[in-house]
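For reference, the structure is listed below as structure tokens.
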Amino acid sequence: MGIAIGIVALVSAGCVPQAGTSQGQQVFDLYEFFAVLAAIIFVVTAGLIAWSILRYRAKRGDDELPSQFHSNVRLELVWFGIPTIIVIVLFVRSVITLGEVDERSADPAVTVEVQAFQWGWRFTYEGTEVSIAGTSSEDPEILLPVDQTIAFLLTSDDVQHAFYVPRFLMKRDVIPGRENRFDVVIEEPGDYGGKCAEFCGLLHSEMNFTIHAVPEP
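Residues in the sequence shown are numbered consecutively from -14, following my numbering.
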């Protein structure tokens, strides 16, 4: 079982991008928790099936059926109770994680107003006159500090878009007439590519941007 769990952990780490934010790491931990629990259930279930096949396989010269029984209340309670407990644990863990990921700071270090349009992005640093815009042919690039709370305020000028940075491990819809906000703390300096993840028209696939995360000085 330990080997199977280890394999699942390695596979999940390879399939999911390395989290670049503290919120993304919480999401990754939730993924890993689900994957490990699923591996345990698979190993136990497959093990019981294999044991049943070997234990009750047909034997030459033995035509007698194994002892039969109509019901077993204790066993039925067990296989009802275990899945119920698992679902409750997964639900509670998910609610706690999502609540922590969606927390908003009362005083973020940087607030970035993000306007999406066909087919580009406009980033404005709140409280300043600094605004950076890009199009499908020229991706915008912005600078953000690491280890600081950053608030993104998302709006759309036309149709529905989606703000997606793979290494943030989260996606947020950008909806016309509605402001959507999320906060992140970028933990590692580096370049973080982003894109629109909601089909929004002809040049949707070219609607990209880059975040350069740098030390605050």
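Glycine included, each C-beta is placed from N, C-alpha and C at the ideal position. Because the structure is a prediction, the values reported are computed rather than measured.
Assign residue i to one of three DSSP states: helix, strand, or coil.
| i | result |
| --- | --- |
| Thr120 | coil |
| Arg78 | helix |
| Gly46 | coil |
| Pro286 | In the structure displayed, the chain extends from -14 to 202; residue 286 sits before or after that span and is not available. |
| Arg107 | strand |
| Glu173 | coil |
| Asp168 | strand |
| Arg157 | strand |
| Val144 | coil |
| Glu201 | coil |
What separation, rounded to the nearest whole angstrom, lies between the Cα atoms of residue i and residue j?
| i | j | result |
| --- | --- | --- |
| His146 | Asp87 | 20 Å |
| Val169 | Arg40 | 54 Å |
| Phe228 | Val28 | No information on residue 228 is available, as it lies outside the stretch -14 to 202 that the chain covers here. |
| Leu15 | Phe148 | 21 Å |
| Glu98 | Ser79 | 29 Å |
| Gly178 | Ser116 | 19 Å |
| Ile127 | Thr30 | 50 Å |
| Asp176 | Thr113 | 23 Å |
Is residue i buried or exposed, if buried means 16 or more other CB atoms sit within 10 Å of its CB?
| i | result |
| --- | --- |
| Val74 | exposed |
| Ala24 | buried |
| Gly66 | exposed |
| Trp36 | exposed |
| Val77 | exposed |
| Gln8 | buried |
| Pro125 | buried |
| Leu139 | buried |
| Gly105 | buried |
Just to check, is the beta-carbon of residue i closer than 7 Å to a non-hydrogen atom of the ligand PLP?
| i | result |
| --- | --- |
| Val21 | By its list of ligands, the structure shown contains no ligand whatsoever, and the ligand PLP lies outside what it can speak to. |
Return no unless some Cβ of chain D is closer than 8 Å to the Cβ of residue i.
| i | result |
| --- | --- |
| Val99 | The chain inventory of the structure shown lacks chain D, comprising one protein chain alone. |
When you compare the region 127 to 147 with the region 178 to 185, are there three or more beta-carbon pairs, one atom per stretch, that lie closer than 8 Å?
yes
Assess, as a yes-or-no matter, whether the region 151 to 164 is touched by the region 186 to 193 under the definition of 3 or more beta carbon pairs within less than 8 Å.
no
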